[in-house]
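> Taken in sequence, the protein lines are chains A and B.
When you number the first sequence by the numbering used here, it's gap-free, plus one each residue, and the end is 136.
When you number the second sequence by the numbering used here, it's gap-free, plus one each residue, and the end is 136.
The beta carbon of each residue, even a glycine, is placed where N, CA and C say it ideally should be.
Protein chains: 2
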Amino acid sequence: MRIGELANATGTTTKTLRFYESAGLMPIPPRTSSGYRDYPSDTVHRIAFIRRGQSAGLTLAQIGEILHIRDGGNAPCAHVKSLLSERLKELDHQIADLLALRETVQSLHSASLTIEPAACAPNQVCQYI
Amino acid sequence: MRIGELANATGTTTKTLRFYESAGLMPIPPRTSSGYRDYPSDTVHRIAFIRRGQSAGLTLAQIGEILHIRDGGNAPCAHVKSLLSERLKELDHQIADLLALRETVQSLHSASLTIEPAACAPNQVCQYI
DNA sequence: ATCAACGTTCCAGTATGGTGGAAGGTCAAG
DNA sequence: CTTGACCTTCCACCATACTGGAACGTTGAT
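Written as structure tokens, this is what we have:
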């Protein structure tokens, strides 16, 4: 199948597919005599996997690692487990950071609602921040 | 004061200060006869404000807006209030998104711990994802 | 034969907040 | 007079996942 078909079948764009290829996520596809990429039809599964990996919050680089292990003929199970638990730890950190930031912003915001703007000194930028 | 002094006094670098200037966050400073930037000493407060704005999760562009209002001789109170409440909404969105993602990753990870890797079919990339 | 719709490569830009380095000018101490 | 620490400008690059566009070749239908 040609690149446009594949893009249609997977809900991506030809641009994105060429980008994935340049990023090392796709095996180099064979070409037709005129130079068009000619993908085997099971490539849709590979693209679908990439999308699922992205919705799981993995980066393209991490998804690439998994694909490379599989392409090398091995089962990527162990690596996937460690990527997922790593990602889980990162998420916990990010969530904790954002919650702390939310606290900060929340209290700045509350203060900005209660303090009189008239009390604003012109020699500083902003009393709320 | 010269740029290195200012950088030292505020815990930034000369690179960063020149970057802030190019980003429009700093008033154009006077120069010495030899072409060195010569900052008024209250510039440290401006830099400190920028840092506080960043720890409140504001972008440099948003911090710039506040500074411009103040530089224009007006009190930025109203704008600051709206920036903070906007930021609060964004944070709530981001946190909700991350929590949902955490759920997804969590269940994928649990599955990866219980399912037998031996059940791994070689014709798909990874059963966990 | 011509036209649209597809394909190709390559280069550049998006947003964010800087960082690194080259090539050169200035200043104070020894 | 030279050395080292400072300053100047400018251009390029980091990560991330694409996107836009130019310039040109191919395919299939009318």
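Among the residues of its own chain, which have a CB less than 7 Å from the CB of H116 of chain A, if the five just before and after it don't count?
none
> Shortest alpha-carbon distance to G71 of chain A belongs to which of A:L95, A:P47, A:H100 and A:P34?
A:P34
> Closer than 8 Å is the cut-off here; do at least three beta carbon pairs connect the segment 83–99 of chain B with the segment 24–33 of chain A?
no
> What span of residues does the alpha helix (DSSP H) with I136 of chain B cover, start to end?
First-last for I136 of chain B: undefined, no H or E at that position.
> Output needed in chain order: residues of the segment 78–94 of chain B with a Cβ under 7 Å from some Cβ in chain A.
A82, P83, C84, V87, K88, L91, S92 and R94
> Rounded to a whole number of angstroms, what is the C-alpha to C-alpha distance between A68 of chain B and D104 of chain B?
24 Å
> Rounding to the nearest angstrom, what Cα-Cα distance links G60 of chain B and N81 of chain B in this structure?
18 Å
> Measuring alpha carbon to alpha carbon, tell me which residue in A:S114, A:I73 and A:H86 is nearest I57 of chain A.
If we check each option's Cα against that of I57 of chain A, A:I73 comes out closest.
> Nearest to F26 of chain A by CA position, among A:A63, A:I10 and A:L90, is which residue?
A:I10
> Rounding to the nearest angstrom, what Cα-Cα distance links T21 of chain B and P47 of chain B in this structure?
16 Å
> Return helix, strand or coil for R59 of chain A, following the three-state DSSP convention.
Three-state result, R59 of chain A: helix.
> For L108 of chain A, decide whether its Cβ has a neighbour in chain B, counting only Cβ atoms nearer than 8 Å.
yes
> Are any of the Cβ atoms in chain B nearer than 8 Å to that of Q69 of chain A?
no
> Where do the ends of the alpha helix (DSSP H) carrying G71 of chain B lie?
Counting along the chain, the alpha helix (DSSP H) containing G71 of chain B begins and ends at L67 to D78.
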